Each structure stands twice: as C-alpha cells, then as structure tokens.
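**Student:** Handing you a structure now.
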C-alpha cells in the first residue's frame, strides 16, 4: 500500500478496490458491507424509520478526545438517538485530499470502527472520492444513519410545554473549546478534552424510566443557546435558563475568556438537552447520573408560556438577558 | 439574501436557518423534510431496505447535459435501482466553498428538485457545511438513498452465469467525455452531452417483462470495462465483448482520440449493464427500446465459463484482447 493517498485511490479502478479491501473491509467489514454491491440490502426495521445525515469538516482532524472519524460516527448516531430512534446502520462517504498520509487515514478508520462497535451500529455502504492536493483539508466525511423508533416514542422540537424542565447530561462547551484552543495554540495551557461520545446508550436508559420525553436535541453547532432557540421557536414557548446552574467547567470558561467566546454558543458533541415534565425530572436525573456520560447531569432551566420563541438567562447577579440565536460565524470548522 | 455564500451560512445559527428556509425548504420542501428535526421519521418501507451513498466532486460544476446537483440525485437513484430497489428517500449533504455565488447554488438546488421529481424521490434530511475559500471547488455533494426491494428480486454482482448476455441501454462514454472535453477546452468542437439521467423508470419497465435479471450495474467511474471486471470477479465467470456491437458514438470516439482515452474506461451516468439469460434478451431489448432512455439498447457481449474473472474484447479485426480493470487515474473528478 502506498504511504500516501493518490488520486487513483478514488478513480474506481484497481487502486480503489485495494484500498477498500485492505483498509475499509478489513477494519469495518461486516455481513452487510461485504455484499459489495452498488446498494446494500438491509433487513427490514421493526418500526418507523429515522434517517439523518451530517458532513464533518473539522480542523484539525485529530484533537484531544477524538478525531474526525469518531466525530462522524457520534454526530449521526446522536442525531438519530435524540429523535428516540435506535441507531442501526451508517453509510460512510469519504472525500480525501490527495497526499493524505495512509497512517492518518488508518487511524481515522480505526476510530470509526471502535466507535461503531461502542454504539452498536454498522457501516453498511460507503464511497471514496479523492480530490487534488490543496483541497479538502485532509478529509471530509459524510455519515448518514438509519434507525428505528420503538412504539410509543413521540419526540419533536415542537413538543416542549410550559411546566417542562430542561436537563443537560453534563458539562457545556468542551468539544468546541478543545478544538479551538488546539487550533489557536493555547492548548498547552489547558487539559481540555472534547466530550465527543455516542449518546444512544445513555438515552436508552432514560427511556427505561419514562416515555414522557417531549424534546431531545444535541447542542452541537451553535451550542446550547442556539439549540434552545430553535426549540422555543418550534414549540412556541419561552425557555428560561439559570446561569448559576449551568455546568461550565473552569477550563472551558478560561479558554472562552482567552479567545473571546461565550460557552453557551460553543459546540458540544456528547451532550443532550432533554425536555421533560417537571414530575419526572428526579427520575431522569437519577438515571443519567448513574451512567458514565451523565455524571454531571443537571436541570438548567424551565419551559414557560411567556415570551414564546425566546430564550432568557437569569444571571448570577439577578438580572435577565435574552440569549439570541447565534448570528455570524463564531466557530468555523468545529464539526 | 447575500449574493455569495458565507461561512456563517454553515455555522448552524440564524444565517444557516435562513438559507435552509429560503432555499432548501422553498425548493425541496415536502411533508417529511418539514419535520425539521435532527433526524427525519419515515413511514415503514414495504420490504427489504436498500441503502446507498455517493459523494460528488465533479469539475466543472456545470457541464453540458447536467450539473453536480442533477448528478448527485441520478447517481444515488441509479445505485438503488440497479440493485432492484424502488428508490424513495434521499439525504442531501452539502459542503460549500465560502464565496460560491448564491445563484449557482440556486441553479444546483433547482436541478436537484427537478431530478427528484422526475425520479419520484424526496429529499428528507439534509446538512450544510461551509468551508473556507479555496476549498471544496464550489461545492461537494453527498447523497444517501433509501429504497425498498419488491418480493422476488434477487440481483447481485455475483449472479452472472455462463449463457447470460450483457445488455446496455445505449451509448457509451458520453458523461465522461462531455465533462473532459469541456474541462480541456475542446468542447466547442463537439456537441457532446452528458447522459446523466435517473434510470429507475427504465429499470421498472424491465421488471415488468422479467424477474430473471441476474446482475444490473451502472458503469460510472472506471466505465464499462471496470464494471464488467468487477462482475466477472464477483461471479467467477468470463465476459466476452464484441467490439463491433459497442454503441460508441463518433463524438465520443473523436474526443477520446483527441484526449487519449479509451471509451470503455470512461464514466457513464445514464447507463445500465443488464445481465440476463439469453432466452429473455429479446423481451428485455424490446422493452428498453420503447423507453426514451433505452432507444439504442443492444447486446454487447456474453457471459462464459472460460477464463473466470477476465473480460475480453473480440476486436473488429478478429483478434481478442484482455480488458483489465482500470489502473491509475484516468479521469479524476468526473463524478
């Protein structure tokens, strides 16, 4: 195998076949991927189907706590899981820059394999394109996921109701600030790690204690503030956050201050916002805290009837300010 | 709306929302896409599910007979259709270069909408990333498709049998040479058009006359020769082509001679190779020829037991030569 990826690896001929066999099939292979046809035939899914797609263009490709491959699996698995779906199958589309080191691609594929195994999903179909040197920053990845939704789960951004509470499963801002601090060269001053993780196992635990989940969403691009704005708008409700209950670690706060960011707008890749009726909040919190990905779970706010479409923050000083949706480009190439 | 795409259009905030609403929802919107959740919930599919993914990086973005948007729909629809599936749903992942003209993106989305409507499929979920100027050559597109397979269809690259014939639905080499002649600046000398088209309607007609289809595959990257090599290897058979029956138009032949390509290795985007028992060849040919995408359908070769894994060409001069799988990089960025 060549030490670097060449244009011929994406040309559909012999070199493509060898890359597929030596790397993709050997590390990601399973009964379904091994069909090796233009489309893969999957067993029927027991219930309504959930489908989600995401492209990943993060820079750098490798960051503390993960890399673009792990991120590409987690991102799509999480988009399915927050819709109440059991993730099952992923497609993998790679756009590789000519000259990418083979060992780097190998590390990325290893991470994909490991994260798929952790999340209980399979790569069932794939595609590889190679573009000329100077394009694609190493590699861009698209994953598209399929899952099924068990009976009785009705989750949507439009179902938040006054009286509900907003729970998050842990610390805010870690993914975005891990990537940004590395990119800006201040990472030697912090031990920030991306929170990148597949959340479907944690979410499955929540459904064991209640099906009364109104909204779940992962606050990735745009962060907690933007995601809650979308929900407030879709549901026609107001959302009030309490600053003193926000789980923002000192490392994130410090990096944000150095680089001029607001942690509420910073991307997370292992967090889920769960909106449930207040009656079940204790049961949900207890369940989350028993899971390694939910140890710091906490209620951060409530859903109200006033000011529909608006998210407000009650500050530590007792004031209140409106948290708008992200405008402009705060953090490019974060996922 | 800005006249050019900005990094903020991919940041997940307000600008992203407006791009989604003004462009994607207004042109591609349907009951499923309008759910606007992280994953889209689809009705159950009646049968086994087929899934396929493809990324498109073609240069130039607009070419005679199509553009990257039309290509992205056709490519994935065809990958499903050649597996015997009825294509239903597509995801759409866009990686856009900062600075892309809004009108160009609009033209691409218009083509996607038109081709989806022609093929009877819906875009049900999407994602947009924007990367810095100088990356992504305008736009890269990933589409991942879902369909279902009606009872009784068993198609695979591994099912070709001695005694079968190899049919193609028309002219060879048009897509690749339309793109290459445009890129190399000789397009003013030809009227070459890409054959880019969704083939599911044509393929549905074939299944009305026979279910004895052993293999179908669209000869895209690597062309007819590479695709048949894959089939010969998967099925453990030999394939013999007759040069004098190959439908290679003079325009393709001329452009290939000028640019130094072999038409049998040039990509097609509206062609399907159909391998069926000789007994049904007349019925299949008659059906194909009644459809606008199959007027020039013809038998180009036969499946034999000798020389398993090998494709040979009987030349016009009576000789025989081996057609290897594509090696190296004949035609970069063709799809």
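Residue numbers (our numbering), protein chains in the order written: chain Z, 221 to 555; chain Y, 221 to 555.
Every residue gets a Cβ at the ideal spot worked out from N, C-alpha and C, and that includes glycine.
Keep in mind the model is a prediction, meaning the values are calculated, not measured.
Considering only C-alpha positions, which residue in the set Z:332, Z:288, Z:475 is nearest to residue 404 of chain Z?
**Tutor:** Residue numbering aside, residue 404 of chain Z sits at position 184 when the first chain is read from its first letter. The candidate whose alpha carbon is nearest that of residue 404 of chain Z is Z:475.
**Student:** Residues in its own chain within less than 6 Å of residue 495 of chain Z by CB, not counting five upstream and five downstream?
**Tutor:** Residue numbering aside, residue 495 of chain Z sits at position 275 when the first chain is read from its first letter. Cβ within range, chain order: 380, 384, 386, 434, 435.
**Student:** Alpha carbon to alpha carbon, how far is residue 364 of chain Z from residue 481 of chain Y?
**Tutor:** By one-based count along the first chain, residue 364 of chain Z stands at place 144. By one-based count along the second chain, residue 481 of chain Y stands at place 261. Near 35 Å, if we compare the C-alpha coordinates of residue 481 of chain Y and residue 364 of chain Z.
**Student:** Is the segment 243-250 of chain Y touching the segment 242-257 of chain Z, taking contact as three or more C-beta pairs under 8 Å?
**Tutor:** No, the segment 243-250 of chain Y does not touch the segment 242-257 of chain Z.
**Student:** Based on Cα-Cα distance, which residue from Y:271, Y:399, Y:287 lies nearest to residue 304 of chain Y?
**Tutor:** Numbered from its first residue, the second chain carries residue 304 of chain Y at position 84. Ranking the options by Cα distance to residue 304 of chain Y, first place goes to Y:271.
**Student:** Please check if any C-beta of chain Z sits within less than 8 Å of the C-beta of residue 552 of chain Y.
**Tutor:** Your numbering for residue 552 of chain Y matches position 332 in the second chain. Cβ-Cβ to chain Z under 8 Å: yes for residue 552 of chain Y.
**Student:** For residue 350 of chain Y versus residue 394 of chain Y, is the C-beta spacing smaller than 8 Å?
**Tutor:** Against the second chain, residue 350 of chain Y aligns to sequence position 130. Against the second chain, residue 394 of chain Y aligns to sequence position 174. Contact: no.
**Student:** Starting from the Cα of residue 563 of chain Z, find the closest Cα among Z:532, Z:389, Z:425 and give me that residue.
**Tutor:** Residue 563 of chain Z is absent from the structure shown; chain Z starts at 221 and stops at 555.
**Student:** Whole angstroms is fine: what's the gap from residue 443 of chain Y's alpha carbon to residue 521 of chain Y's?
**Tutor:** For the purposes of this step, residue 443 of chain Y is taken as the residue at position 223 of the second chain. For the purposes of this step, residue 521 of chain Y is taken as the residue at position 301 of the second chain. In a straight line, the C-alpha of residue 443 of chain Y is about 15 Å away from that of residue 521 of chain Y.
**Student:** Looking only at C-alpha atoms, which of Y:536, Y:523, Y:310 sits nearest to residue 260 of chain Y?
**Tutor:** By one-based count along the second chain, residue 260 of chain Y stands at place 40. Checking every option, the nearest Cα to that of residue 260 of chain Y belongs to Y:310.
**Student:** Who are the Cβ neighbours of residue 223 of chain Z in its own chain at under 6 Å, not counting the five residues just before and after it?
**Tutor:** If you number the first chain from 1, residue 223 of chain Z lands on position 3. So the qualifying residues of the chain are 322.
**Student:** Given a threshold of 16 other Cβ atoms within 10 Å of its Cβ, counted over all protein chains shown, does residue 362 of chain Z qualify as buried or as exposed?
**Tutor:** As a first step, residue 362 of chain Z must be located in the first chain, where it is residue number 142. The residue is buried, with at least 16 neighbouring Cβ atoms inside 10 Å.
**Student:** Name the chain Y residues whose beta carbon is nearer than 8 Å to that of residue 446 of chain Z?
**Tutor:** Numbered from its first residue, the first chain carries residue 446 of chain Z at position 226. The contacting residues are 232, 233.
**Student:** Check whether the Cβ of residue 545 of chain Y lies closer than 8 Å to any Cβ atom in chain Z.
**Tutor:** As a first step, residue 545 of chain Y is located in the second chain; it is residue number 325 there, counting from the start. By this cut-off, residue 545 of chain Y is an interface position.
**Student:** Could you check where the alpha helix (DSSP H) with residue 403 of chain Z kicks off and where it finishes?
**Tutor:** Position 183 of the first chain, counted from the start, is the residue given in the question as residue 403 of chain Z. Residues 394-403.
**Student:** Hey, quick one: how far does the beta strand (DSSP E) through residue 384 of chain Z stretch, first residue to last?
**Tutor:** Locating residue 384 of chain Z in the first chain gives position 164, where the first residue counts as 1. That run of the beta strand (DSSP E) goes 384-388.
**Student:** What would DSSP say about residue 367 of chain Y, mapped onto helix, strand or coil?
**Tutor:** The residue given as residue 367 of chain Y occupies position 147 in the second chain. Strand at residue 367 of chain Y.
**Student:** Tell me the DSSP bridge mates of residue 270 of chain Z?
**Tutor:** Along the first chain, one-based indexing puts residue 270 of chain Z at 50. Per DSSP, Z:367, Y:261.
**Student:** Quick check: is the beta carbon of residue 536 of chain Y nearer than 8 Å to any beta carbon in chain Z?
**Tutor:** On the second chain, position 316 is the one that residue 536 of chain Y refers to. With 8 Å as the cut-off, residue 536 of chain Y does not count as an interface residue toward chain Z.
**Student:** Below 8 Å, how does it come out for the segment 438-458 of chain Z and the segment 535-544 of chain Z: are there three or more Cβ pairs, yes or no?
**Tutor:** Flag = yes, the segment 438-458 of chain Z and the segment 535-544 of chain Z touch.
**Student:** Looking at residue 390 of chain Y and residue 467 of chain Y, is the spacing between their C-beta atoms short of 8 Å?
**Tutor:** On the second chain, position 247 is the one that residue 467 of chain Y refers to. On the second chain, position 170 is the one that residue 390 of chain Y refers to. The answer is yes: Cβ separation under 8 Å.
**Student:** Residue 489 of chain Y and residue 291 of chain Y - do their beta-carbons sit closer together than 8 Å?
**Tutor:** Walking along the second chain from the start, residue 291 of chain Y turns up at place 71. Walking along the second chain from the start, residue 489 of chain Y turns up at place 269. For residue 291 of chain Y and residue 489 of chain Y, yes; Cβs fall inside 8 Å.
**Student:** By DSSP's criteria, residue 321 of chain Z is part of a beta bridge. Which residues make up the other side?
**Tutor:** On the first chain, position 101 is the one that residue 321 of chain Z refers to. Residue 321 of chain Z is bridged to Z:224.
**Student:** Taking 8 Å as the threshold (C-beta atoms), are residue 315 of chain Z and residue 359 of chain Z in contact?
**Tutor:** Counted from its first residue, the first chain places residue 359 of chain Z at position 139. Counted from its first residue, the first chain places residue 315 of chain Z at position 95. Yes, Cβ-Cβ distance for residue 359 of chain Z and residue 315 of chain Z is below 8 Å.
**Student:** Just the C-alpha distance for residue 230 of chain Z and residue 348 of chain Z, rounded to the nearest angstrom, thanks.
**Tutor:** Locating residue 230 of chain Z in the first chain gives position 10, counting from the first residue. Locating residue 348 of chain Z in the first chain gives position 128, counting from the first residue. Using only the alpha carbons, I get a separation of about 6 Å.
**Student:** Does any CB atom of chain Z fall closer than 8 Å to the CB of residue 391 of chain Y?
**Tutor:** Within the second chain, the letter at position 171 stands for residue 391 of chain Y. With 8 Å as the cut-off, residue 391 of chain Y does not count as an interface residue toward chain Z.
**Student:** Taking the CB atoms as reference points, tell me whether residue 528 of chain Y and residue 426 of chain Y lie closer together than 8 Å.
**Tutor:** By one-based count along the second chain, residue 528 of chain Y stands at place 308. By one-based count along the second chain, residue 426 of chain Y stands at place 206. Against a cut-off of 8 Å, the Cβ pair of residue 426 of chain Y and residue 528 of chain Y comes out as no contact.
**Student:** Does the pairing of the segment 371-378 of chain Z with the segment 325-338 of chain Z give three or more beta-carbon distances under 8 Å?
**Tutor:** Contact between the segment 371-378 of chain Z and the segment 325-338 of chain Z is absent, because fewer than three Cβ pairs lie under 8 Å.
**Student:** Say whether chain Y places a C-beta atom closer than 8 Å to the C-beta of residue 486 of chain Z.
**Tutor:** Locating residue 486 of chain Z in the first chain gives position 266, where the first residue counts as 1. Taking Cβ atoms only, chain Y never reaches closer than 8 Å to residue 486 of chain Z, which makes this a no.
**Student:** Any chance the segment 279-288 of chain Z sits against the segment 273-285 of chain Y, with 3 or more Cβ pairs inside 8 Å?
**Tutor:** These segments do not touch.
**Student:** Among the residues of its own chain, which have a CB less than 7 Å from the CB of residue 503 of chain Z, if the five just before and after it don't count?
**Tutor:** Position 283 of the first chain, counted from the first residue, corresponds to residue 503 of chain Z. Cβ within range, chain order: 429, 430.
**Student:** Measure how close the beta-carbons of residue 493 of chain Y and residue 400 of chain Y come, nearest whole angstrom, since I'm counting them as under 8 Å.
**Tutor:** By 1-based counting over the second chain, the position of residue 493 of chain Y is 273. By 1-based counting over the second chain, the position of residue 400 of chain Y is 180. Actually they are not in contact, since the Cβ atoms of residue 493 of chain Y and residue 400 of chain Y sit about 21 Å apart, beyond 8 Å.
**Student:** Name the DSSP bridge partner or partners of residue 347 of chain Y?
**Tutor:** Residue 347 of chain Y sits at position 127 when you count from the first residue of the second chain. Answer by DSSP bridge pairing, in chain order: Y:313.
**Student:** Just to confirm, is the Cβ distance from residue 346 of chain Z to residue 273 of chain Y under 8 Å?
**Tutor:** Taking the first residue of the first chain as 1, we reach residue 346 of chain Z at position 126. Taking the first residue of the second chain as 1, we reach residue 273 of chain Y at position 53. Yes, the Cβ-Cβ distance between residue 346 of chain Z and residue 273 of chain Y is below 8 Å.
**Student:** Rounded to the nearest angstrom, what separates residue 336 of chain Y and residue 298 of chain Y at their Cα positions?
**Tutor:** Position 116 of the second chain, counting from 1, holds the residue named residue 336 of chain Y. Position 78 of the second chain, counting from 1, holds the residue named residue 298 of chain Y. Rounded to whole angstroms, residue 336 of chain Y to residue 298 of chain Y spans 12 Å at the Cα level.
**Student:** Give me the chain Z residues within the contact set of residue 256 of chain Y, using Cβ-Cβ distance strictly less than 8 Å, ordered along the chain.
**Tutor:** Residue mapping note: residue 256 of chain Y aligns to position 36 of the second chain, counting from 1. 377, 454, listed in chain order.
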